[in-house]
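These protein sequence lines are chains A and B, in that order.
In this text, residue positions in the first sequence follow our numbering: the first is 1, and each later residue adds one.
In this text, residue positions in the second sequence follow our numbering: the first is 247, and each later residue adds one.
Where a beta carbon is used, it is the ideal one built from N, C-alpha and C, also for glycine.
Please read the structure below before turning to the comments.
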Amino acid sequence: MDKQKKNNLSFIVISAVIGFMIAIQFQSVKEPVERDTRDLWQLREALLQEKELQSELVSEIRSIEEKLLAYDSKQKQSKEQALRDTIKELKIEAGLTQVKGPGLSLRIEPIMEEIQIGEPISKDVSPELLKRLLNELNMYDAAYVSVDGQRVINTTVIRDINNETKIDGHAISSLPIEVKVGVDNLVTAEKLYNRIKASKATEEFFTENLKLIISEPTSELTIPAYDNPIRIRYLESLKANEGGNT
Amino acid sequence: MWLPLLGLIIGVLLGLLTDIRIPEEYSNYLSIAVLAALDTLFGGIRAHLQNIYDEKVFVSGFFFNILLAASLAFLGVHLGVDLYLAAVFAFGVRLFQNIAVIRRILLTKWSTNKEKIEKN
C-alpha cells in the first residue's frame, strides 16, 4: 500500500512537470494574435503612403541642409567673422597670445671666475644691459621676446626698483635667466643667431661679469603670452570729422 | 488512473500563472523535452496497467529521455543536421504504440467487466 502511494506521488510530480513544460512552451510560441489580412491593393496603398512620407522627409532634409550651407557661407562672409579675425591678428601682434614657432634662446649666467666658495652669487642683470640686448634683438628682426618667462611687448618697461631689475613689475630673481626670441621663420632665426654671435652683446655682458650663451636656433620654441592687462591711458579713438589730412 | 491528469492540470496552471517565457531559439529544445516526457508518462501508464511498473525505471527514464532528446537536438544544431527529427520520430512512434497498448488493455478490461455484469 505504501509503495502504491509512492508510485502515485511520482506520477503526480512528473505529470506536473510535463504540464509546466507544456504551459511554458505554449506561452513562448504563442502566435501573434492579429494576422495581416490586407490584400494586394491595400498593401500598395500602404506602400504608397510610406513612399510619400519618405519623399517628404528627404525633401525636408535637403532644405535643412541648404539652410545650413547658407548660414555657413553667410557666417564666413559676415563682418563679425572679419572682426574676429582682426582681433585675433591684433592680439598676436600685441603679444596677448602664446606663440609657438622657430627661434632661439639665450642664457644669461654668471661667469665661472666670479663663483667663489663662501660668497653668495647675488648677481643681477642691470636694466641698461637688458635694454641694450633687447634693442639689439629687435634690430635683428626678433618678433616675439620673453625674458625670464615674461613676455616683452611694446609697452614693457625695464627698470631698477630698489636695486632690483624689474620687467613690468616682475623681479628677475636669480641668475641664470633665459631670454627666448621668436622669429617668423627658420631662415631669420639663423640670421639672428649669426648676428647675435657677431655682435658686441657677449662682450658687453662679460664686462659686467656675466656670460651670454646663445643656443642654436630651433623650430619649436614656445613664448608665453603677456599676462598683465594692457592699460591705455593717453590713447583716444579718432572721430570721423577730426584729424589731419596728411 | 486520474492522477496523471490531475498532475498535468496542476502543472499547466502553475506554468500559466508564473508567466515564464523562454527565448525562441530554445523553444526547440523544450518542445522535444516535452515530447520525451510525454513518452515516458504514457510508458509509465502502460506499465502500470500491465502490472510491470517500476518506479526507478519510470523516474530515471523521464530524466534520461529528456536529457538525451535535448542533447540530440543540441548536437543537431551544431552539426547542421536536423537530428531532433530522430528524437521526434522515435518518441512519436513509441507514443503511438504505448497509447495503442493502453487502449487495448482498457478495452479488454471494459469488455470483461461487461461480460461479468451480464453473467451476473
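Worksheet entry | Touch test, the region 276–284 of chain B against the region 334–343 of chain B, Cβ-Cβ under 8 Å, three pairs minimum | Touching, per the Cβ criterion.
Worksheet item: Cα-Cα, which of A:F206, A:V58, A:T218, A:E89 is closest to V187 (chain A)?
Response: Selection A:F206, A:V58, A:T218, A:E89 evaluated against V187 (chain A) yields A:T218 as nearest (Cα-Cα).
Worksheet item: Which class does P110 (chain A) belong to by DSSP, given the choice of helix, strand or coil?
Response: strand
Practice prompt. Check the Cβ of E258 (chain B) against every Cβ in chain A and list those closer than 7 Å, keeping chain order.
Written response: At residue 258 (chain B) the sequence reads Val, which differs from the Glu that was named. G19, I22, A23, listed in chain order.
Worksheet entry | Option nearest Y234 (chain A) by Cα separation, candidates A:Q81, A:K197, A:T155 | A:T155
Discussion item. Shorter than 6 Å, the distance from the beta carbon of I12 (chain A) to the closest heavy atom of the ligand SAM, or not?
Written reply: Within the structure as shown, the ligand SAM is missing, as the structure has no ligands at all.
Practice prompt. Tell me, please, which residues DSSP counts as bridged to Q150 (chain A).
Written response: A:V147
Worksheet item: Between which two residues does the beta strand (DSSP E) harbouring T218 (chain A) extend?
Response: Where T218 (chain A) is concerned, the enclosing beta strand (DSSP E) stretches over 218–223.
Discussion item. Tell me the DSSP secondary structure of V179 (chain A) in three-state form.
Written reply: strand
Discussion item. On a Cα-Cα basis, can you pick out the residue from A:E50, A:S126, A:P224 that is closest to N163 (chain A)?
Written reply: A:S126
Worksheet item: In terms of residue numbering, what span does the alpha helix (DSSP H) encompassing D72 (chain A) cover?
Response: 40–77
Worksheet item: Quick one: what does DSSP say R231 (chain A) is sitting in, helix, strand or coil?
Response: coil
Worksheet item: What is the residue span of the beta strand (DSSP E) that E164 (chain A) lies within?
Response: Where E164 (chain A) is concerned, the enclosing beta strand (DSSP E) stretches over 164–167.
Practice prompt. Decide if K180 (chain A) is buried, meaning its Cβ has at least 16 other Cβ atoms within 10 Å, or exposed.
Written response: It is buried - the Cβ of K180 (chain A) has at least 16 other Cβ atoms within 10 Å.
Worksheet entry | Amino acids of chain A, ordered along the chain, whose beta-carbon sits closer than 7 Å to that of Y299 (chain B) | N7
Fill in: Interface flag, L308 (chain B) vs chain A, CB-CB below 7 Å
A small correction: the amino acid at residue 308 (chain B) is Phe; Leu does not occupy that position in the sequence shown. For F308 (chain B), the answer is yes, since a Cβ of chain A falls inside 7 Å of its Cβ.
Worksheet item: Is the Cβ of I12 (chain A) closer than 7 Å to any Cβ of chain B?
Response: yes
Worksheet item: So which residues on chain B does Q27 (chain A) lean against when the C-beta distance must stay under 8 Å?
Response: G261, L262, D265, I266, R267
Worksheet item: Can you tell me whether DSSP reads I213 (chain A) as helix, strand or coil?
Response: strand
Worksheet entry | Contact residues within the region 277–302 of chain B, judged by C-beta distance below 9 Å to chain A | Result list: S277, A279, V280, A283, L284, T286, L287, G290, I291, H294, Y299, E301.
Discussion item. The beta strand (DSSP E) that contains I278 (chain B), what's its start and end?
Written reply: Careful: I278 (chain B) lies outside any beta strand (DSSP E), inside the alpha helix (DSSP H) at 273–295.
Fill in: Burial state of P102 (chain A), where buried means 16 or more other Cβ atoms lie within 10 Å
buried
Discussion item. Does chain A have any CB closer than 7 Å to the CB of L331 (chain B)?
Written reply: no
Discussion item. Using C-beta distances below 7 Å, list every residue in its chain close to H170 (chain A), excluding the 5 sequence neighbours before and after it, in chain order.
Written reply: Hits under 7 Å: Q150.
Discussion item. I'd like the span of the beta strand (DSSP E) that includes I172 (chain A), first residue to last.
Written reply: Premise fails: I172 (chain A) is in no beta strand (DSSP E) and is neither H nor E.
Worksheet entry | Stretch pair the region 39–56 of chain A + the region 263–283 of chain B: three plus CB contacts closer than 8 Å | no
Worksheet item: Residues of chain A with CB under 9 Å from G253 (chain B), in chain order?
Response: F11, I12, V13, I14, S15, A16, V17, I18, G19
Discussion item. Please report the straight-line C-alpha distance between K302 (chain B) and R35 (chain A), rounded to a whole angstrom.
Written reply: 47 Å
Practice prompt. Evaluate R292 (chain B) with the Cβ neighbour count: other Cβ atoms within 10 Å of its Cβ, from every protein chain shown; 16 or more gives buried, anything less gives exposed.
Written response: buried
Fill in: Secondary structure of V99 (chain A), DSSP reduced to three states
In the structure shown, V99 (chain A) sits in a strand (DSSP, three-state: E or B).
Worksheet entry | For I22 (chain A), the three-state DSSP class (helix, strand or coil) | helix
Worksheet item: In chain order, what residues of the same chain lie with their CB nearer than 6 Å to the CB of E220 (chain A), ignoring the 5 residues before and after it?
Response: none
Worksheet item: Does the distance from the CB of I14 (chain A) to the CB of F288 (chain B) come in under 7 Å?
Response: no
Worksheet item: Thinking just about the alpha-carbon of each residue, which of A:V17, A:D124, A:S73, A:E93 is nearest to the one in K211 (chain A)?
Response: A:D124
Worksheet item: Within the 7 Å Cβ cut-off, does V305 (chain B) reach chain A?
Response: Closer than 7 Å: yes.
Fill in: The alpha helix (DSSP H) enclosing I161 (chain A), as first and last residue numbers
From DSSP, I161 (chain A) is part of no alpha helix (DSSP H) but of the beta strand (DSSP E) over 158–161.
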